[in-house]
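Chains A and B supply the protein sequences, listed in that same order.
Counting from 73, one number per residue, gives the positions in the first sequence under this note's numbering.
Counting from 7, one number per residue, gives the positions in the second sequence under this note's numbering.
Glycine is no exception: its CB is placed at the ideal position from the N, C-alpha and C atoms.
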Amino acid sequence: MINDEYFLAALRLAAGSDPIPGHVSAAARDAFGLRVSQAVTAPPADCATPRGVRGGDGPGMIRFVAAGLTFDLEVTVGDGLIDVAGQVFPHPGEGSHVDVRTPHLTLTRRLARSGQFAVTGLPPGWLSVVCHRPGFAPVQTRWVRIRP
Amino acid sequence: MHEPRDPAELLKAAAEDDHTAWDQLESRFGSRMWAVARACGLNETDAADAVQGAWLRLLENLHTIREPSGVGAWLATTTRREALLIIRKEPPGFPSFDVVHDPDPATAVLEADGRHLLWKSVSAMHEPCRTLLQLVATDMGSQQVAMRLGMPVGTVGPTRIRCLEKLRTLLSLQETVQ
């Protein structure tokens with residue numbers, strides 16, 4: 073029935089009913105501020121542990137790889153908020169840091185010697201991690217949607 | 007008055023850090039993306055996620071869109087893909103992300119600049135289809151549609167299906183002619 077739904081949506085669009093909410097337009101415009109100049113984007117990659125995010129009964133692992141860096145993100149959703157425990161390896165070097173980003177909130181963390189970092193209490197929705205390393209282009213993970 | 011910039015020009019400008027160009031892309035294509043997400047049956051929260059996801063994909067691909075003039079169709083197709091991932095509850099980091107154009111004429115109506123053609127086609131239909139589809143487009147419920155058209159409530163659903171089928175045929179014919 074999706075074809076009929078497309079027609080009906082097209083008719084509603086033409087008629088001006090069900091307009092795009094203002095906050096959706098505003099979020100789209102604000103997204104421009106999330107671009108990272110010269111960044112390399114790391115796509116998802118296969119991970120030894122099962123992929124996925126679970127609420128309540130344990131974390132899920134997502135792996136991204138690009139430009140010689142691997143990001144392992146262990147994502148937990150609980151109480152409507154997101155916790156991320158991550159590791160970047162091999163260690164990107166002295167002075168490196170990560171930005172853990174959602175469209176409305178960015179948290180910056182220095183990397184431990186092991187390349188590990190953690191953030192808690194992020195709002196659900198879209199999430200990306202950017203690794204900044206001196207002398208090299210930043211590497212950002214592809215945006216992923218995390219919802220309970 | 008400046009001529010409105012074409013999509014390829016807007017995309018190029020946005021890739022060169024022009025925030026105004028990005029805003030214009032949103033003005034031009036945001037409503038269509040919303041309609042695509044809603045057409046997939048998503049509620050407001052999920053539709054907002056699908057639309058936002060498509061804009062974030064555009065950010066990731068600002069310098070690598072193969073056909074800049076088709077950025078509107080790319081955004082609509084990407085919105086649809088994100089919507090379907092949400093519907094299927096694919097886990098985050100779902101690996102494949104190939105944007106494929108959908109040949110379905112109904113999709114084309116939403117994803118191309120076909121809205122005027124659509125409305126024109128509806129206006130050219132015989133009754134009761136013309137009025138019924140115009141009423142349905144304003145989200146009027148079956149009972150009100152039945153009252154306005156003087157038909158039994160039970161026949162509104164089947165008539166709507168028949169009218170949409172006729173509209174689909176009309177659009178396919180027009181596409182063939184073009």
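Check whether the Cβ atoms of residue i and residue j sit closer than 8 angstroms, and answer yes or no.
i, j, result
"Ala14 (chain B)", "Glu77 (chain A)", "no"
"Ala103 (chain A)", "Gln58 (chain B)", "yes"
"Pro195 (chain A)", "Leu153 (chain A)", "yes"
"Met131 (chain B)", "Lys172 (chain B)", "yes"
"Arg154 (chain B)", "Leu170 (chain B)", "no"
"Pro115 (chain A)", "Ala138 (chain A)", "yes"
"Glu32 (chain B)", "Ser97 (chain A)", "yes"
"Leu16 (chain B)", "Arg107 (chain A)", "no"
"Gly165 (chain A)", "Arg205 (chain A)", "yes"
"Ala100 (chain A)", "Gly47 (chain B)", "no"
"Gln231 (chain A)", "Gly187 (chain A)", "Since the first and last residues shown for chain A are 73 and 220, residue 231 (chain A) lies out of range."
"Gly78 (chain B)", "Arg34 (chain B)", "yes"
"Arg217 (chain A)", "Gly197 (chain A)", "yes"
"Gln180 (chain B)", "Ser129 (chain B)", "no"
"Ala214 (chain A)", "Thr148 (chain A)", "Looking at the sequence shown, residue 214 (chain A) is not Ala but Arg. The answer is no: Cβ separation not under 8 angstroms."
"Leu145 (chain A)", "Ile134 (chain A)", "yes"
"Asp55 (chain B)", "Ile93 (chain B)", "no"
For a contact meaning CB atoms closer than 7 angstroms, what does residue i contact in chain B?
i, result
"Val96 (chain A)", "Trp40, Ala54, Val57"
"Gly197 (chain A)", "Asp55"
Taking only beta-carbon positions, decide if residue i is within less than 8 angstroms of chain A.
i, result
"His25 (chain B)", "yes"
"Asp29 (chain B)", "yes"
"Trp125 (chain B)", "yes"
"Leu179 (chain B)", "no"
"Leu173 (chain B)", "yes"
"Leu68 (chain B)", "yes"
"Glu22 (chain B)", "no"
"Gly36 (chain B)", "yes"
"Glu32 (chain B)", "yes"
"Leu200 (chain B)", "As shown, chain B starts at 7 and ends at 184. That puts residue 200 (chain B) outside it, with no answer to give."
"Leu176 (chain B)", "no"
"Arg11 (chain B)", "no"
Taking C-beta pairs closer than 9 angstroms, name the residues in chain B that residue i reaches, listed in chain order.
i, result
"Glu77 (chain A)", "Arg44, Ala45, Cys46, Gly47, Ala112"
"Ala99 (chain A)", "Ala54, Val57, Gln58, Trp61"
"Ala157 (chain A)", "Within 9 angstroms Cβ-Cβ: nothing; Ala157 (chain A) doesn't reach chain B, min ~15 angstroms."
Using 8 angstroms for Cβ pairs, my map puts residue i next to residue j. What's the rounded Cβ distance?
i, j, result
"Phe161 (chain A)", "Val201 (chain A)", "Actually they do not touch by this definition, with Cβ atoms about 13 angstroms apart."
"Met39 (chain B)", "Leu90 (chain B)", "Actually they are not in contact, since the Cβ atoms of Met39 (chain B) and Leu90 (chain B) sit about 14 angstroms apart, beyond 8 angstroms."
"Ser89 (chain A)", "Ala143 (chain B)", "6 angstroms"
"Ala60 (chain B)", "Thr84 (chain B)", "4 angstroms"
"Val151 (chain B)", "Leu138 (chain B)", "6 angstroms"
"His169 (chain A)", "Thr178 (chain A)", "Not really, about 11 angstroms apart at Cβ, beyond 8 angstroms."
"Leu85 (chain A)", "Ala41 (chain B)", "4 angstroms"
For residue i, would you say it is in contact with chain B, using Cβ-to-Cβ distances shorter than 8 angstroms as the test?
i, result
"Asp144 (chain A)", "no"
"Phe104 (chain A)", "yes"
"Ile154 (chain A)", "no"
"Pro175 (chain A)", "yes"
"Thr227 (chain A)", "There is simply no residue 227 (chain A) to check, as chain A begins at 73 and stops at 220 in what is shown."
"Arg214 (chain A)", "yes"
"Asp129 (chain A)", "In this prediction, Asp129 (chain A) scores a pLDDT of 47, lower than 50, which makes its location untrustworthy; no coordinate-derived value is stated."
"Ala86 (chain A)", "yes"
"Arg205 (chain A)", "no"
"Arg107 (chain A)", "yes"
"Arg217 (chain A)", "yes"
For a contact meaning CB atoms closer than 8 angstroms, what does residue i contact in chain B?
i, result
"Ser89 (chain A)", "Ala143, Thr144, Asp145"
"Thr113 (chain A)", "Glu66"
"Arg185 (chain A)", "Near Arg185 (chain A) there are no residues of chain B at all, since even the closest Cβ is about 26 angstroms away, more than 8 angstroms."
List the residues of chain A whose Cβ lies closer than 9 angstroms to the Cβ of residue i, in chain order.
i, result
"Glu50 (chain B)", "Pro93, Val96"
Using a cut-off of 7 angstroms between C-beta atoms, extract the partners of residue i located in chain A.
i, result
"Gly163 (chain B)", "The premise fails here: Gly163 (chain B) is roughly 11 angstroms from chain A at the closest Cβ pair, so nothing lies under 7 angstroms."
"Leu17 (chain B)", "In chain order: nothing, as chain A lies at least about 12 angstroms away."
For residue i, go through chain A and note every residue whose CB falls closer than 8 angstroms to its CB, in chain order.
i, result
"Leu139 (chain B)", "Leu83"
* Asked: Which whole runs of the alpha helix (DSSP H) in the stretch 76–122 of chain A are 4 residues long or more, in chain order?
  -> Counting only runs of 4 or more, we get 94–102.
* **Secondary structure, beta strand (DSSP E): runs of 3+ residues fully inside the stretch 138–185 of chain A** => Secondary structure within the stretch 138–185 of chain A: the beta strand (DSSP E) runs of 3 or more consecutive residues, fully enclosed, are 141–150, 153–161, 169–174, 177–182 (chain order).
* Asked: Which runs of the alpha helix (DSSP H) fall wholly inside the stretch 12–94 of chain B and span at least 4 residues, in chain order?
  -> The qualifying runs are 13–21, 25–45, 50–66, 77–93.
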